[in-house]
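Down below is the structure, laid out as C-alpha cells.
2 protein chains.
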Amino acid sequence: MADTAARQDPLVIFTPSGKRGRFAPGTPVLTAARQLGVDLDSVCGGRGICSKCQITPGYGEFPKHGVTVEADALSDWNSVEDRYKRIRGLIDGRRLGCQAKIMGDVVIDVPPESQVHKQVIRKSATQRDITMDPATRLFYVEVAEPDMEEPSGDWERLRAALKDQWRIEELTVDVALLRRLQPVLRKGEWKVTCAIFHDHHGVTRLTDIWPGFYEGPLYGLAIDLGSTTIAAHLVNLTDGSVVVSSGLMNPQIRFGEDLMSRVSYAMMNPGGDIEMTRAVREAMNGLAQSITTEAGIEARQIVETVFVMNPVMHHLLLGIDPVELGQAPFALATGDSLTLPARDLDLAAVNDHAMVYILPCIAGHVGADSAAVALSEEPDKSDEMVLIIDVGTNAEILLGDKRRVLACSSPTGPAFEGAQISSGQRAAPGAIERVEIDTQTKEPRFRVIGSDLWSDQPGFAEATAQTGITGICGSGIIEAVAEMRMAGLVDAGGLVGSAEQTGTPRAVATGRTNEYLIWDGTATGGPRISVTQGDIRAIQLAKSALYAGARLLMDELGIDGVDKVTLAGAFGAHISPKHAMVLGMIPDVPLDRVVSAGNAAGTGARIALCNIGARASIERVVKAIHKVETAIEPRFQEHFVAANAIPHATAPFTLLRQIVPLPDVSYNPATSGDGGGRRRRR
Amino acid sequence: MADTAARQDPLVIFTPSGKRGRFAPGTPVLTAARQLGVDLDSVCGGRGICSKCQITPGYGEFPKHGVTVEADALSDWNSVEDRYKRIRGLIDGRRLGCQAKIMGDVVIDVPPESQVHKQVIRKSATQRDITMDPATRLFYVEVAEPDMEEPSGDWERLRAALKDQWRIEELTVDVALLRRLQPVLRKGEWKVTCAIFHDHHGVTRLTDIWPGFYEGPLYGLAIDLGSTTIAAHLVNLTDGSVVVSSGLMNPQIRFGEDLMSRVSYAMMNPGGDIEMTRAVREAMNGLAQSITTEAGIEARQIVETVFVMNPVMHHLLLGIDPVELGQAPFALATGDSLTLPARDLDLAAVNDHAMVYILPCIAGHVGADSAAVALSEEPDKSDEMVLIIDVGTNAEILLGDKRRVLACSSPTGPAFEGAQISSGQRAAPGAIERVEIDTQTKEPRFRVIGSDLWSDQPGFAEATAQTGITGICGSGIIEAVAEMRMAGLVDAGGLVGSAEQTGTPRAVATGRTNEYLIWDGTATGGPRISVTQGDIRAIQLAKSALYAGARLLMDELGIDGVDKVTLAGAFGAHISPKHAMVLGMIPDVPLDRVVSAGNAAGTGARIALCNIGARASIERVVKAIHKVETAIEPRFQEHFVAANAIPHATAPFTLLRQIVPLPDVSYNPATSGDGGGRRRRR
C-alpha cells in the first residue's frame, strides 16, 4: 500500500494525472494505479489477458517531477507481454500494467486508450467533451467450480466471484439469460466475461456472458425518434466513437403527417395507437438491423439504447395512447426518465437483455428531445442568456442561463419542414434549399440539395440533371419569403404584389392573389416552383408562433433580449440566421451570436449513452426547468398576432449593427412598429 | 397524539391487543389505532369507503381495565355508517373505525376480520397458524389532477399520492401497465385502487389499478409442481382461505416417467428441454384457467403465484436445461429464491403483472419442495430430533432439530408411487390402497380408493362396481409386501414362497419365481392383481434407498435414533406407519411418533404466499441447512445394502414397545441382524 510504504520504496508518478506514491519493489503497475485511484482500465482484473492496462514508462531525467528513471525501473519484459505483442501487437515502448512491476523510481504515462473514463472530443468547439462512463462494461471473472460438499448454484457462484473480484453487488439477471449460464461457464472452463449494466439509479443487471475472455467492443444506439425521421448513431461504448449513423422515415407518417393528426388517428380509430406503436417498433428493429449489418457486428454487441423524442412519440414508443397529449391539460402518462429492458419495447435487433434509457420529458408538449437538447447545450451552465430553438413540426424552446431555465413548445406546424407549402418537400436531393432575389431585377437564383452551384452559375444544369429540381424545402422557403420581402415583392403584411406593382413578370396572378415564380420546369416535364400567397401565410403563421413562444419565455424572465440564439435540429443546421431574422422568426441578436447546434437532441442522446452521470444530471436539470404552457397563456396569442408582420423591406438592422455594435440595445422586428429597441430589463 | 395527550383526555383500550392510550376528544378510532400500532385494517385510508376498519365498542364496567364506558363514549352513529349498513350490511354493535370518534373512555374490540395480520388456523394441531402478511395488498388513493402550470406525469402524481397517503416509496411499474393508467385515473375521477406488491427484499411494484374503490379480494396461487402431478391452491390473500384446490397430471410425463428420464430426454434431443418447458407452462396456464373458472373470479384477481418443486422441475419451469442435474456434481443453475414477473414464465392466465415467488432450492437433488416442507414443518424450531421424509419419485429427507438441520435426497425410484410394479397404478379410484393378510389362512382382504368397505365386508362388490378394482397403488403395495412378510409368505431376504412352502394356493409359480395373488378379476373382464417377485425387489430397492438416506443423515449427526418421524407428501398421508416400519422403510420410533404432514410442500407454498416474513425466514433456514450428497457418500451404499432385508416375521417390536416403552433404546430394523438396539449417541 502506498500509505504504509517505506520512505526508501520506489516513487511512482503517473501522467497525465500527476498522481504519485511509493510502492514496495515488485508491485505491479496496475496495482499501484488502482491504489492511487489512477484511471487505468482493466477488463481481466490483472490477469494479462485483456491488454487494456497498457502503459508507457518514461526513462531518463524528469526534472519537473524531480526523478531520474533508470533503465531497470520496471521488471523485465516478460513472456505474457511477449506473447501478446507477437499475436496481437503492442506499440513499441508500451508495457502491460499488470505484468510490469515497479523496481525503481518511475514515471508512467497512461495513454488515452488505456483510460476507462476516456474523453470523447466533440466537434463543436463551444461544447465540453464527453467523458466515457457508460452504464454497461465488460468484466472478466474466474468462477469457483461446483462442489458437491458445499452445493450452490452456478449463478450464486458467479455473483460471489463478481463481488470478490470486481466489488459488484446486488447483481440481478433475467431468467431467460440464466438459461445460457451453465453451458458458457463450462465452455469457458469457469472463466467468463460478463457484460454488466450498472446505472446511476443503482440498477445492476447481467446483460450477457461469454466463455473465456471476450474483448468486445460493446455498442450502444443513440436514437432520436422524430415525428418525421428516425436518426440512430451506433456508438462504441469503449471510446465513444460513432461507428455508423443511419436514419429512416418514421413509418407513422402514414397515420398522419404531424403529431396532432396521429393523436387524432388514435382518437378516431380504436386500437390506432397500438398500430402506430407496432409500426414504430418495427421500424426501430429494421433500423437496428441495418446498422448492425453495416457495422459488421453482432446484434448482441448492442447492449444499450438511449431514446430521445417528443412526448407523442415517447408515448407511442412506450405503447401508451397519446390521446391525453392532444387536449388540455396535456397530461403525460409519465414524464420521468425510464430505464427498462429493450424487450419491453419489442426491440429484438439488439442484445436480448439490452437495456433502454429514455430521457425525461419536460412537459406534455416539451419532450425528452428537448431534455436532450438541454443536456447537449447546457443552458443551465451558461453565463449568457441563451435562447435555444429546436425547430421541427413543433418548435421546442429553451431560454435561460445558469440561474434559471424555462421551456415551452410552440405550435409552428410543419411549414418549416416544407409541408403545407405549395411546392414544398422534405430536404432531399433536388430540393431548392437556398434562394437569393436581386433587389433590382427581382430575378431569383437558387441552389438545390446535391449541388454546390447556384442556378446562374455555369454547369448548374449538368450538376442537377440527375436529381432534377423537384421542389422547395424548409430552409428554401424561408429564404425565398425573406428575399421576396427584401426585394419588395411582399409587403409588411405578407401580401404578394402583382406584376404591375412589382414590375416583374415572375409575379403571376392566380385568382385573387399573386404568386412569385422561382423556377418553371414544365417545358422539360419538371414542376413549376413558385411561392404562393398561401405559402407566405403558412410561413407567417409558423414564424409568428415560434417568435411568440420565445417572446413569452422572455416575458417570464422579464427580459427584452438574449445574448445568443442556438438553432438545434437538422433544420436548424440549414437555416440562414440572416433570413430567419428578416422574417422575424427569432429575436434580434448580432448575426455571429446565432449558432447552429446541429442535431443537438441526437448529441444529447449520445452523451446520455456514454455517461451515466449525464443521465443523473439531466434528470436534475429537467426537474428544475420551469415549463410555460403556451396554450393557456393569453400573452402567447398577443405575441402571436403582433409577430405576424414581416418587417424588413431592406437589409436587417442587425447587419448594420455588426458595423456599429450596440450591445445593450436589441432590435425586435415583431414590435419594430412601436418604436424599436428597448433596454433589456435584466 | 397519544404521547402529548392530556391526562384528562379519554382513555382508549383496544382488545385483543391490550394496547391503550389517551386521545383528544374527537379523534377517530382508526387514527388512535394507527398511532398505537393496533392492527386495524383500512384500504381506503379512513375515507369511509372500504369498511375494513369495523370495530366493536364495549359499554359498561370493565373492572379488568379499570374503566367504565358510557353510552356516549363514541360519537353518534353517522350517515356514512348508516349508508354502509343499509347497502352493504353491518353486524349490530359494529362501527366504522374511521367514522366513530372517541368522546370518552372506551374499550374497543378489533374483530379478527378487521385485522390486517389475520391468523389462518391450520388444521393440523401440531402446526403454528399462518399470520396473514401477503406481498400484495390493495390501496385506495386520491391522485392530484394534472395542472398545466406545474406539469407532471400521471404516473408521477400517482406515486406522490401513494407516498403521501400510504408511505409507499420506490414504486416501480411495467411499461405495459402504464398504458392503463390514464383511462383508469379519469374513469375513477382521480380516485383509484392500486394492487401493490411489496416483498421482503424491498421490491415494490404496481400490479394493477382499478377506477374508484375496488374491494377485491385478491388471490394467489400456491403451486406444488411435482414430477407426476401439479397441485394448485387458490388462496384468498385477505383471509388466507383456500378457495379452490385443483390438480392435474404433469404433461411432461410423456417425455419421461421420472425425473432422470426427462433429463435424459433433454440430453438426447436438442431442444428437448424447451419442449418440456413449454409443456409445463401450458399446463400451468390450463390449471390456472380452470381454477379461475371454478372460483368464478377474474384472472386479473390472481396477483401472485408461489411455486415449490424439485430441482429438475424448477429448471424446466424456468426454461433452464436440467442436464447438469443429471450428472455429478449436480450443479444448479441457480438455487436462490426467485422473485420475478409471471410473464417471464409465460404465465398468462393470471394478472398480466402478477409476481411469482419461487422458494430456494437446498441443493441439486433437494429442491424448493423440500424447502417448503421445512417451512411447513419447521425442523429448525423443533426441540425434538425430527426426521422428515417427503416421499415421491425421489425421497427428500430432512433431519435435525433447532440446533442443526441436514438434508439429502435418496433415489427411491417411483415404486412407492405404484410405478414399476406389475399391477401398480397411481392413487385413483379403483386402486387397492389398504391390504391385510390373515397370518393363519394367508387370505387377503383389501380396500380400494373410493370405498370405505373392506373386500370381505357386505356390500363391497356394489360399492366398487362403478370404479372396478383396477390395480394397486403405492400405499397398497407397501402394505401388501409388509403383510406378506408378516404372514410368512416372503422371507427376510425378500423371496416369495411357493404354494408348497406357504400352504396357500394364492402363491403361484411364475417361471422360476412365485407371486402372491390378491385379486383375480379376469372372470368379469377385470385385471389379475398379484404381488410378483419383481414387485418385492422394487419395493426392497426403494425402501433400502429411503432408509439408507435417513441413516446417512443420522450418522452425520452421530445419532442412532430419532424422536419423531414426519411423513410428508400426498403419499405420506396414506402410508401406514406400522407397515413402513415392518418393511424397514423408516427408523424405528413408537408408532404414535410417526405423523403425516399431508402435502407439506403445498402447505409451505401456501405459507410463503400468505406471509412475506416466511419467505425471508425460509431463505435463511435453507442457507443454514447442511446438505449431504448421497451419490458420493460410500456409507450410503453400505447402508443401502444393509437395509435390503425385510426383518420382521411377526408384529414389529415397536408395537410391543408401546406397551413397555424403552425411550432410550431405538430398534433399527436394517441392522437388527447384528444385535439390535444401540444407545443413542446424542
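Respectively, the protein sequence lines represent chains S and E.
Using my numbering, the first residue of the first sequence is number 2, and each one after it goes up by one.
Using my numbering, the first residue of the second sequence is number 2, and each one after it goes up by one.
Every residue gets a Cβ at the ideal spot worked out from N, C-alpha and C, and that includes glycine.
Everything numeric in this text was worked out from a predicted model, so none of it was measured.
If you count every other CB in all the chains shown that lies within 10 Å of the CB of E:Pro271, and 16 or more means buried, which is it? exposed
When the Cα of E:Leu41 is compared with those of E:Ala232, E:Ser115, E:Ser52 and E:Asp106, which residue comes out closest? With respect to the C-alpha of E:Leu41, the residue from E:Ala232, E:Ser115, E:Ser52 and E:Asp106 having the closest C-alpha is E:Ser115.
What does a CB cutoff of less than 6 Å around E:Arg95 pick up in its chain, not counting 5 residues either side in sequence? If we look at E:Arg95 and ignore the five residues flanking it on each side, its Cβ neighbours are Gln55 and Thr57.
Out of curiosity, what's the CA-to-CA distance linking S:Ala3 and S:Gly46? Residue placement at S:Ala3 is flagged as unreliable, the pLDDT there being 45, under the threshold of 50; the coordinate-derived value follows with that caveat. When rounded, the distance between both Cα atoms is 20 Å.
Neighbourhood of S:Gly674 by C-beta, 8 Å cutoff - its chain only, sequence neighbours within 5 removed: Bear in mind that the predicted position of S:Gly674 carries a pLDDT of just 36, short of 50, making it too unreliable to give a figure here.
Do you know how far the Cα of E:Leu182 is from the Cα of S:Ser476? 41 Å
What do you get for E:Ala112, buried or exposed, if any count of 16 or more other CB atoms within 10 angstroms of its CB means buried? As written in the sequence, residue 112 of chain E is Pro, which differs from the Ala given in the question. Exposed: under 16 other Cβ atoms inside 10 Å.
So what's E:Ser411 in DSSP terms, helix, strand or just coil? strand
Beta-ladder partner(s) of S:Tyr517, from DSSP: Per DSSP, the beta-bridge partners of S:Tyr517 are S:Ala508 and S:Val532.
Helix, strand or coil for S:Arg180? Go by DSSP, reduced to three states. helix
Where does E:His199 sit, in a helix, a strand or coil, going by DSSP? strand
Quick check on E:Thr523: does DSSP put it in helix, strand or coil? helix
Residue from S:Phe198, S:Ile210 and S:Arg206 with nearest C-alpha to S:Lys188: S:Ile210
Under 8 Å by Cβ, that's how I've got S:Leu235 and S:Leu222 pegged, so tell me the actual separation to the nearest angstrom. 6 Å
Are E:Asp225 and E:Val622 close, meaning C-beta to C-beta below 8 Å? Result no, Cβ atoms of E:Asp225 and E:Val622 do not sit closer than 8 Å.
Quick one: grab the DSSP three-state call for S:Pro591. coil
Can you say whether E:Lys443 is buried or exposed, counting buried as having 16 or more other CB atoms within 10 angstroms of its CB? Buried, because 16 or more other Cβ atoms sit within 10 Å of the Cβ of E:Lys443.
Quick check on DSSP: helix, strand or coil for S:Asn311? Annotated three-state conformation of S:Asn311 is coil, per DSSP.
Pick from S:Pro212, S:His199 and S:Leu172: whose alpha carbon is nearest that of S:Glu190? S:Pro212
Within 10 angstroms of the Cβ of E:Lys65, are there 16 or more other Cβ atoms? Answer buried if so, exposed if not. exposed
Same chain, Cβ closer than 8 Å to S:Glu634, neighbours up to 5 away in sequence not counted: Only Leu553 meet the Cβ criterion.
Measure the Cβ-Cβ separation of E:Phe214 and E:Ile103 and say whether it is below 8 Å. no
Count the other CB atoms within 10 Å of the CB of S:Ala625; is the residue buried (16 or more) or exposed (fewer)? Looking at its Cβ environment, which holds fewer than 16 other Cβ atoms inside 10 Å, S:Ala625 is exposed.
Cutoff 7 Å; reference E:Pro415; Cβ partners in own chain excluding five residues on either side: Glu258, Asp259, Thr394 and Gln421
Straight-line CA distance for E:Thr505 to E:Val449? The straight-line gap from Cα to Cα measures roughly 23 Å.
Take the Cβ of E:Gly573 as the centre, count every other Cβ of all protein chains shown within 10 Å, and call the residue buried at 16 or more, exposed below. buried
Entirely within the stretch 275-308 of chain S and at least 4 residues each: give me those alpha helix (DSSP H) ranges in chain order. none
Whose C-alpha, out of S:Thr306, S:Ala364 and S:Asp322, is nearest the C-alpha of S:Leu341? S:Thr306
Range of the contiguous alpha helix (DSSP H) that encloses E:Met149: Here E:Met149 belongs to no alpha helix (DSSP H), and DSSP marks it neither H nor E.
Interface flag, E:Pro176 vs chain S, CB-CB below 8 Å: This sequence places Val at residue 176 of chain E; Pro is not what is there. True, the Cβ-Cβ gap to chain S drops below 8 Å.
Would a C-beta distance cut-off of 8 Å place E:Gly368 and E:Met310 closer than the cut-off? yes
Pick from S:Val596, S:Ser383, S:Asp106 and S:His640 that is closest to S:Lys403, judged by C-alpha positions: S:Ser383
Taking the alpha-carbon positions, what's the S:Gly19 to S:Ile275 distance? 57 Å
Cβ shell of S:Val304 (< 6 Å), same chain only, five flanking positions each side left out: Taken in chain order, the residues that qualify are Thr137, Ala196, Thr208, Leu219, Asn352 and Ala355.
Runs of 4 residues minimum, wholly inside the stretch 593-630 of chain S: which ones carry the alpha helix (DSSP H) assignment? If we require 4 residues or more, the alpha helix (DSSP H) runs fully inside the stretch 593-630 of chain S come out as 601-611 and 613-625.
Coil, strand or helix - S:Ile576 by DSSP: Annotated three-state conformation of S:Ile576 is coil, per DSSP.
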